[in-house]
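Q:
Number of protein chains: 2
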Amino acid sequence: MMTRRLLTTTALALAMAVPALAADPLPSWNDGAAKRAITDFVIRVTTKGGPDFVPPAERIAVFDNDGTLWSEQPMYFQLAFVLDRIKALAPAHPEWKDSQPFKAAIEGDVKALAAGGEHALLKLVMATHANQTTDEFARAVEAWVTTARHPEAGRLYTDMVFQPMLELLAYLRANGFKTFIVSGGGIEFMRVFAERVYGVPPEQVIGSSVKTTFELRDGQPVLVRLPEINFIDDKAGKPVGIQQHIGRRPIAAFGNSDGDLQMLEWTAARKGPSFCLYVRHDDAAREWAYDRESHVGRLDKGLEEAKARGWTIVSMKSDWRTVFP
Amino acid sequence: MMTRRLLTTTALALAMAVPALAADPLPSWNDGAAKRAITDFVIRVTTKGGPDFVPPAERIAVFDNDGTLWSEQPMYFQLAFVLDRIKALAPAHPEWKDSQPFKAAIEGDVKALAAGGEHALLKLVMATHANQTTDEFARAVEAWVTTARHPEAGRLYTDMVFQPMLELLAYLRANGFKTFIVSGGGIEFMRVFAERVYGVPPEQVIGSSVKTTFELRDGQPVLVRLPEINFIDDKAGKPVGIQQHIGRRPIAAFGNSDGDLQMLEWTAARKGPSFCLYVRHDDAAREWAYDRESHVGRLDKGLEEAKARGWTIVSMKSDWRTVFP
Chain A
1 MMTRRLLTTT ALALAMAVPA LAADPLPSWN DGAAKRAITD FVIRVTTKGG
51 PDFVPPAERI AVFDNDGTLW SEQPMYFQLA FVLDRIKALA PAHPEWKDSQ
101 PFKAAIEGDV KALAAGGEHA LLKLVMATHA NQTTDEFARA VEAWVTTARH
151 PEAGRLYTDM VFQPMLELLA YLRANGFKTF IVSGGGIEFM RVFAERVYGV
201 PPEQVIGSSV KTTFELRDGQ PVLVRLPEIN FIDDKAGKPV GIQQHIGRRP
251 IAAFGNSDGD LQMLEWTAAR KGPSFCLYVR HDDAAREWAY DRESHVGRLD
301 KGLEEAKARG WTIVSMKSDW RTVFP
Chain B
1001 MMTRRLLTTT ALALAMAVPA LAADPLPSWN DGAAKRAITD FVIRVTTKGG
1051 PDFVPPAERI AVFDNDGTLW SEQPMYFQLA FVLDRIKALA PAHPEWKDSQ
1101 PFKAAIEGDV KALAAGGEHA LLKLVMATHA NQTTDEFARA VEAWVTTARH
1151 PEAGRLYTDM VFQPMLELLA YLRANGFKTF IVSGGGIEFM RVFAERVYGV
1201 PPEQVIGSSV KTTFELRDGQ PVLVRLPEIN FIDDKAGKPV GIQQHIGRRP
1251 IAAFGNSDGD LQMLEWTAAR KGPSFCLYVR HDDAAREWAY DRESHVGRLD
1301 KGLEEAKARG WTIVSMKSDW RTVFP
């Protein structure tokens, strides 16, 4: 009996000492230059004693959200939330029937909406994102994101995340990276699903925000969202948001549009190794194809700079075996 | 030989299975109600299957810095940095000799400084904290914090941290808590030493800030600190800062002044177990004794509320075996 125990223990000890057969950590990526660039970088910065070793605490990776972790066509998904929410709130706001841009939103009149420009959009955003507590807003997003479906794909929006990017997030974390989302989208919007969908906890989500204020209501403390922009986490705002929230420069940055360019520049300019990657939407069959001329997720200047500086450019069409989970 | 190997393996397996004799994780805390309240809470929220179990991801603990993690007398240490920095920069600013509040700062004329009030202070803060890149500012703080000494104690400021609180930070982290600093002090000021001194990485430091802007200088991206307040992380600002950076409510909050009251209220009002603690400065022999009448770190309203709500009040004099490391 004792001998059997000893043998069992030995077998266990052996099993623990032998590393698991290295399974491909990125099975949805086709073998090619992009995948090799990613794994080469990760091996370089995690090889102890190597010239490019980066301590785990400094392994900060930042990801754009719209167009990088999930789709963004035919409109940013958060804008779909805004329009759906306007319709849901309309019965309590009879005055919206005769007032733009609310009338256009209720009627789904995209042309009239577009004519109103950014100012009209901001009105709709504030009507749906402000004058409520942070808890109330989170509940509204949760209700939407667990039920609303993409108009063309018919899927939940959270099912329109990119499987190869989910694998990349997990691969980086398994190698000691801390993964952050740095998006022009609303910080409190993304936080509702980022942990469940991406494995990114709320404290690692950076985004645009409205001002909030602390109040006591019936003796209970609440945070109230005000109809006033606090921060726009886009373009030159991204490095600012990174510094504000992380306080240390990323070593890897992933984006898909010109709005991510400054984030990639900021990352590339750190002392020591860094990795910058653009996802290129060139797959009209499985997702969408757009770049220089697109109103959503335009990739023009960024593409030139990526080519000039040797950043990794991912072709969804040829580099990704699968797109959605 | 094989038998010896087997025996060795068994011994190893046994050694790994038997937990280390539980050493006191808080040796600088005297046995008493405060220490017991802390350990009772930690055991409650980490006991799997228990009624008050909190998953690790939600074990957020927030700590004020000035007066809670390190001393704050005779003035906030960051103010000592401001005054030292004004003197260091004075040769490059001959105009300061004849202009208040710079003249008073250079001459160490505390009375004249006080007469200038907050407006004068803000001028000095901006002259030392703005119009420089984030890297330049971090280098200035690093140079100061590794050399400047407290005028009365003669020690480095980073040696005037509270040993019992260092143990508390480590104890919470060992129990799956994520520890954050939430301070009225400058976020970029604290980040320079928070990881080395407190074990708190930059991305878990929340504080007051100036606005920053992204620029290319000679083709190199930099973040420039502007002479404009971005956020004041004090009083009702603390829950706002917590929401902005963490996006989830803490389950434990530690402070020492009325400036921390809203942070403790916000924590206490969460659904489920929570823990709030005030450090009371009542040890004139080993540190300082002050509360209701103090201009720095006043504890008045907070003390009443702590008593009324049964929050833990730590007496530095009787609860702490040692104060400084």
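Protein chains in written order, with the numbering used here: chain A, 1 to 325; chain B, 1001 to 1325.
By construction, the Cβ of each residue, glycine as well, lies at the ideal position given by its N, Cα and C atoms.
Looking only at C-alpha atoms, which of A:ARG270, A:GLU195, A:GLY185 sits nearest to GLY237 of chain A?
A: Taking the first sequence and counting its residues from 1, the one referred to as residue 237 of chain A is at position 237. Measuring from the Cα of GLY237 of chain A, the nearest candidate turns out to be A:GLY185.
Q: Interface residues of chain E around PRO1201 of chain B at Cβ under 7 Å?
A: No chain E is present in this structure, whose protein chains are A and B.
Q: Let me know if GLU188 of chain A comes out buried or exposed under the rule of 16 or more other beta-carbons within 10 Å of its beta-carbon.
A: By one-based count along the first sequence, residue 188 of chain A stands at place 188. GLU188 of chain A should be labelled buried.
Q: Tell me which residues share the same chain as THR179 of chain A and place their Cβ nearer than 7 Å to its Cβ, disregarding the 5 neighbours each side in the sequence.
A: In the first sequence, counting from the first residue as 1, residue 179 of chain A sits at position 179. Only ALA61, PHE63, LEU169, LEU172, ARG173, VAL200, GLN204 meet the Cβ criterion.
Q: Using a Cβ-Cβ cut-off of less than 7 Å, list which residues of the region 223-256 of chain A approach chain B; keep chain order.
A: LEU223, ALA236, PRO239, VAL240, GLN243, GLN244, HIS245, ILE246, GLY247, ARG248
Q: What residue does the beta strand (DSSP E) around ILE251 of chain A start on, and which one ends it?
A: In the first sequence, the residue the question calls residue 251 of chain A occupies position 251. Element bounds for ILE251 of chain A: n/a, residue is neither H nor E.
Q: Apply the 10 Å Cβ neighbour rule to MET1001 of chain B and answer buried if 16 or more other Cβ atoms are within range, or exposed otherwise.
A: Position 1 of the second sequence, counting from 1, holds the residue named residue 1001 of chain B. The predicted model places MET1001 of chain B with a pLDDT of 40, which falls under 50 and marks its position as unreliable; any figure quoted below should be read in that light. When all chains shown are included, MET1001 of chain B counts as exposed.
Q: How far does the alpha helix (DSSP H) with ILE242 of chain A in it extend, from its first residue to its last?
A: Locating residue 242 of chain A in the first sequence gives position 242, counting from the first residue. Residues 237-245.
Q: Taking the alpha carbon of PHE193 of chain A as the point to measure from, which residue in A:ALA308, A:GLU304, A:VAL161 has its own alpha carbon closest?
A: On the first sequence, position 193 is the one that residue 193 of chain A refers to. Closest option to PHE193 of chain A, Cα to Cα, is A:VAL161.
Q: Which class does ALA306 of chain A belong to by DSSP, given the choice of helix, strand or coil?
A: Residue mapping note: residue 306 of chain A aligns to position 306 of the first sequence, counting from 1. Here ALA306 of chain A sits in helix by DSSP.
Q: Taking 8 Å as the cut-off, does the region 214-232 of chain A touch the region 21-37 of chain A (at least 3 CB pairs, one atom from each stretch)?
A: Cβ pair count under 8 Å is below three, so no.
Q: Helix, strand or coil: how does DSSP classify LYS103 of chain A here?
A: Within the first sequence, numbered from 1, the residue matching residue 103 of chain A stands at position 103. LYS103 of chain A falls in the helix class under three-state DSSP.
Q: Compare the beta carbon distance of ASP1233 of chain B and GLY1207 of chain B with 8 Å and say whether it is the shorter of the two.
A: By 1-based counting over the second sequence, the position of residue 1233 of chain B is 233. By 1-based counting over the second sequence, the position of residue 1207 of chain B is 207. Contact flag set, yes.
Q: Run through chain B and tell me which residues come within less than 7 Å of GLU265 of chain A, C-beta to C-beta.
A: Locating residue 265 of chain A in the first sequence gives position 265, where the first residue counts as 1. When 7 Å is used as the limit between beta carbons, GLU265 of chain A is near these residues of chain B: PRO1221, in chain order.
Q: Comparing the C-beta of THR362 of chain A with each C-beta of chain B, is any distance below 8 Å?
A: This structure cannot speak to residue 362 of chain A, because chain A is shown only from 1 to 325.
Q: Cα-Cα, which of B:LEU1083, B:SER1099, B:THR1146, B:LYS1097 is closest to HIS1129 of chain B?
A: For the purposes of this step, residue 1129 of chain B is taken as residue 129 along the second sequence, with counting starting at 1. It is B:LEU1083.
Q: For THR313 of chain A, which beta-bridge partners are listed by DSSP?
A: For the purposes of this step, residue 313 of chain A is taken as residue 313 along the first sequence, with counting starting at 1. Looking at the sequence provided, one finds Ile at residue 313 of chain A rather than Thr. ILE313 of chain A is bridged to A:TYR278.
Q: Along chain B, in chain order, which residues have C-beta atoms closer than 8 Å to that of GLN262 of chain A?
A: Numbered from 1 along the first sequence, position 262 holds the residue referred to as residue 262 of chain A. Those within 8 Å of GLN262 of chain A in chain B are PHE1214, PRO1221.
Q: From what residue to what residue does the beta strand (DSSP E) around VAL1222 of chain B run?
A: Here residue 1222 of chain B refers to the residue found at position 222 when the second sequence is read from its first residue. Residues 1220-1231.
Q: At a CB-CB cut-off below 7 Å, which residues of chain A make contact with THR1134 of chain B?
A: In the second sequence, residue 1134 of chain B corresponds to position 134, counting from 1. Within chain A, the residues GLN243 have their CB atoms less than 7 Å from the CB of THR1134 of chain B, given in chain order.
Q: Any C-beta of chain A sitting closer than 8 Å to the C-beta of MET1316 of chain B?
A: For the purposes of this step, residue 1316 of chain B is identified with residue 316 of the second sequence, where counting begins at 1. So, not an interface residue.
Q: Within the continuous alpha helix (DSSP H) that includes PHE137 of chain A, where are the two ends?
A: Here residue 137 of chain A refers to the residue found at position 137 when the first sequence is read from its first residue. First-last of the alpha helix (DSSP H) with PHE137 of chain A: 134-145.
Q: Would you verify that the beta carbon of SER294 of chain A is, or is not, closer than 8 Å to some beta carbon of chain B?
A: In the first sequence, residue 294 of chain A corresponds to position 294, counting from 1. Chain B contact via Cβ: absent.
Q: Using 10 angstroms around the beta-carbon of PHE1177 of chain B, count the other beta-carbons present and answer buried if the total reaches 16, otherwise exposed.
A: Walking along the second sequence from the start, residue 1177 of chain B turns up at place 177. Per the 10 Å Cβ criterion, buried.
Q: If you measure between the beta carbons of MET1075 of chain B and VAL1182 of chain B, is that distance less than 8 Å?
A: In the second sequence, residue 1075 of chain B corresponds to position 75, counting from 1. In the second sequence, residue 1182 of chain B corresponds to position 182, counting from 1. It is not a contact, given that the beta carbons lie outside the stated cut-off.
Q: What span of residues does the beta strand (DSSP E) with THR1322 of chain B cover, start to end?
A: To locate residue 1322 of chain B, count along the second sequence from 1; it is residue 322. That residue, THR1322 of chain B, is in no beta strand (DSSP E); it is neither H nor E in DSSP.
Q: Our contact map puts GLU1167 of chain B next to LEU1026 of chain B with C-beta atoms below 8 Å; I'd like the distance itself, whole angstroms only.
A: If you number the second sequence from 1, residue 1167 of chain B lands on position 167. If you number the second sequence from 1, residue 1026 of chain B lands on position 26. Contact between GLU1167 of chain B and LEU1026 of chain B holds: CB atoms are separated by about 5 Å, below the 8 Å threshold.
Q: List, in chain order, every chain A residue whose beta-carbon is nearer than 9 Å to that of VAL1205 of chain B.
A: On the second sequence, position 205 is the one that residue 1205 of chain B refers to. Under the 9 Å cutoff, chain A gives GLY247.
Q: Select from B:ARG1292, B:PRO1239, B:GLU1293 the residue whose C-alpha is nearest the C-alpha of ALA1253 of chain B.
A: Counting from 1 along the second sequence, the entry for residue 1253 of chain B is found at position 253. For ALA1253 of chain B, the closest C-alpha among the options B:ARG1292, B:PRO1239, B:GLU1293 is that of B:PRO1239.
Q: At a Cβ threshold of 8 Å, is SER1209 of chain B touching chain A?
A: Stepping through the second sequence from its first residue, residue 1209 of chain B is reached at position 209. So, interface residue.
Q: Suppose contacts are defined by Cβ-Cβ distances below 8 Å. Is LYS968 of chain B in contact with ASP1283 of chain B by that definition?
A: Here chain B comprises residues numbered 1001 to 1325, so residue 968 of chain B is not present and cannot be evaluated.
Q: Can you list the residues of chain B that LEU191 of chain A reaches, using a CB-CB cut of under 9 Å?
A: The residue you call residue 191 of chain A lines up with position 191 of the first sequence. A quick correction: the sequence has Arg, not Leu, at residue 191 of chain A. Going along chain B in sequence order, the residues near ARG191 of chain A (Cβ under 9 Å) are GLY1247, ARG1248.
Q: Could you please tell me which residues of the region 1269-1295 of chain B, in chain order, have their CB closer than 7 Å to any CB of chain A?
A: ALA1269
Q: In three-state DSSP terms, what is LYS48 of chain A?
A: Here residue 48 of chain A refers to the residue found at position 48 when the first sequence is read from its first residue. The answer is coil: DSSP assigns LYS48 of chain A none of H, G, I, E or B.
Q: Take VAL1125 of chain B and list the residues in its own chain whose beta-carbon comes closer than 7 Å to its own, dropping the five residues that flank it on each side.
A: Stepping through the second sequence from its first residue, residue 1125 of chain B is reached at position 125. Excluding residues within five positions, the ones whose Cβ falls inside 7 Å are VAL1082.
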